[in-house]
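A short write-up of the structure that comes next.
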Amino acid sequence: MLTQSFADALLEAEAVITGAPHIRSEQDLAEGYDYLAGNVRGALQLAWAYQRDFPYFVMSTGPYTKMGLDNPDTLYFHSYLRDDAEYVVTGRRGSTADLSFQVLNGDYSPAEVPDSLTAFDDRDIEIAADGSFELRFGPARPNAGPRYITLPAGSAMLLVREVYSDWSRERRGTIQIRRADQAGAAPAAAGTETMAKRYRVAGKILVSRLRTFLAFPEWFYLNLPVNTLTEPRRTPGGLATQFSSVGHYDLADDQAMIVTVPAASRDVAPYQGIQLGSMWYISLDYINHQTSLTADQARVDPDGMLRFVISEQEAGVVNWLERTGHDRGYVQLRWQRLTRELKRRDGPTVQVLPVSELPGGLPYYEQARCSPAEHAARIAARQAAVAARMLG
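Note that the numbering used here has the sequence shown beginning at 486, numbered continuously upward.
What follows is the structure in structure tokens.
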């Protein structure tokens, strides 16, 4: 059977899911199988996209192929590269809050994070009045020009992130990639040997992704005290203009966590956001529930602070983050496109209290009130915005 290698990998992947140490409930297990399905889709897509001579961008993660505590505000694209070839990247800048590029020397594994060889955002590139741009990536050469980015030895992947702050108003751009010396050419037809190889690769990707991103929390989250958040720090992985604050929560159904953080000025951080994640290290349902908020989506209090309430019970305020039945999970705040380093004073503070005591714990509680009907309208707006975003 040509697909036997993938069938075997699928059984191994299922064992990884059922053996995950955090599983305590039927919901945990059901979500694990849903997570597995998304990884199957993603692994097959990535294996077929391993076309370094005829590359194209694939969406690395999205609402139905989640991994790596995916940011609900980000569109992730990547393409595979050779470090000895030249590639042309063209596109048109949209109106999103951030657009960044990163070259990695490999993929994530259960043992390590790939090295970031080059990272920059669109402030470092020439964008025409109509939003169009062109970049060239390739080996070092003399007099390469300002739009040429040298690929260091070992370059294997180009990762592009497009980040929304206002889901309803901002619009995504476009981006394409081609190998410079292959214009007008076509790849050879794939035979059964190639198909067998792709199924083998897909199986390896599947198992590796699952093992990798179950190990990530051990590295970055679970060694922290529960119900706390770190001060802002550079996000691991080499993104120089992104900081984050991370933590994990464990809350009873009658408890709430208040996360208070200064609202960053736009000249410091055009993007600021918070999200919740499940123990599978993926985002919660951000389409049909308010499990994430950006500074544009949230309410800023008169004192310049953002106050988010994480709880299972309806909090009755605009900045309520729904736990959706997850009594344990991850919290991450991000600041992107920064113009300065963040300090402790820029970061969050945390308070845990009974839901019944929220009015006393929120200094502007009355002004922040949100009725069930108003909350439903906010969810409807999220659903419409994500649908429009995914269709481009």
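Glycine included, C-beta positions come from ideal geometry on N, C-alpha and C.
Query                                                                                                         : Result
Any 3 or more C-beta pairs closer than 8 Å across the segment 605 to 620 and the segment 513 to 532           : no
Beta-carbon proximity list for Pro-904, same chain, < 7 Å, skipping 5 on both sides                           : Past the boundaries of the shown model lies residue 904; the chain is included only from 486 to 877, so the question cannot be answered.
Extent of the continuous alpha helix (DSSP H) to which Ala-604 belongs                                        : Segment 601 to 606 is the beta strand (DSSP E) holding Ala-604; no alpha helix (DSSP H) there.
Segment contact flag, the segment 778 to 785 with the segment 714 to 727, C-beta cutoff 8 Å, min 3 pairs      : no
Straight-line Cα distance separating Arg-626 from Glu-516                                                     : 49 Å
Test item: CB-CB of Ala-641 and Tyr-565 under 8 Å                                                             : yes
Simplified DSSP assignment, three categories, for Ser-564                                                     : strand
CA-to-CA distance, Phe-622 to Pro-540, given in whole angstroms                                               : 13 Å
Residues near Ser-481 in its chain [Cβ-Cβ closer than 6 Å; skip 5 each side]                                  : The requested residue 481 does not occur in the structure, where the chain is confined to residues 486 to 877.
Neighbour-count burial assignment, Asp-583, 16 or more Cβ in a 10 Å radius                                    : buried
Burial state of Arg-830 (16 or more Cβ within 10 Å)                                                           : exposed
Three-way DSSP call (helix, strand, coil) for Asp-831 in this model                                           : helix
Within 8 Å, strictly: CB atoms of Gly-723 and Ser-601                                                         : yes
Val-753 versus Ala-675: straight-line alpha-carbon distance, rounded                                          : 49 Å
Rounded straight-line distance, which links the Cα of Arg-696 to that of His-507                              : 14 Å
Ala-596, buried or exposed, once every other Cβ within 10 Å from all chains shown has been counted against 16 : In this predicted model, Ala-596 has a pLDDT of only 49, less than 50, meaning its place in the structure is not dependable; the value taken from the coordinates is given anyway. Result: exposed.
Beta-carbon proximity list for Gln-868, same chain, < 8 Å, skipping 5 on both sides                           : Ile-772, Asn-773
Continuous alpha helix (DSSP H) stretch holding Gln-489: start and end                                        : 489 to 503
For Ser-777, the three-state DSSP class (helix, strand or coil)                                               : strand
Which residues DSSP lists as bridging Ile-743, in chain order                                                 : Val-794, Gln-836
Local Cβ density within 10 Å of Arg-656, reported as buried at 16 or more and exposed below that              : exposed
Limits of the unbroken beta strand (DSSP E) element including Arg-657                                         : Segment: none, Arg-657 is in no beta strand (DSSP E) and carries neither H nor E.
Given Tyr-649 as reference, the closest of Lys-689, Arg-578, Arg-663, Ile-690 once Cα atoms are compared      : Arg-578
Leu-554 to Ala-494 span [Cα, whole Å]                                                                         : 23 Å
CB contact flag (Thr-726, Gln-757, <8 Å)                                                                      : no
Where Val-802 falls, given that 16 or more other Cβ within 10 Å makes a residue buried                        : buried
CA-to-CA distance, Ser-653 to Leu-876, given in whole angstroms                                               : 14 Å
Spatial distance of Pro-721 from Leu-709 (CA atoms)                                                           : 16 Å
Cutoff 6 Å; reference Glu-799; Cβ partners in own chain excluding five residues on either side                : none
Residues bridged to Gly-729 (per DSSP)                                                                        : One detail in the question is off: residue 729 reads as Ser in this sequence, not Gly. DSSP lists Arg-718, Arg-819 as partners of Ser-729.
Contact check, Val-840 vs Met-790, beta carbons under 8 Å                                                     : no
Three-state secondary structure assigned by DSSP to Val-711                                                   : coil
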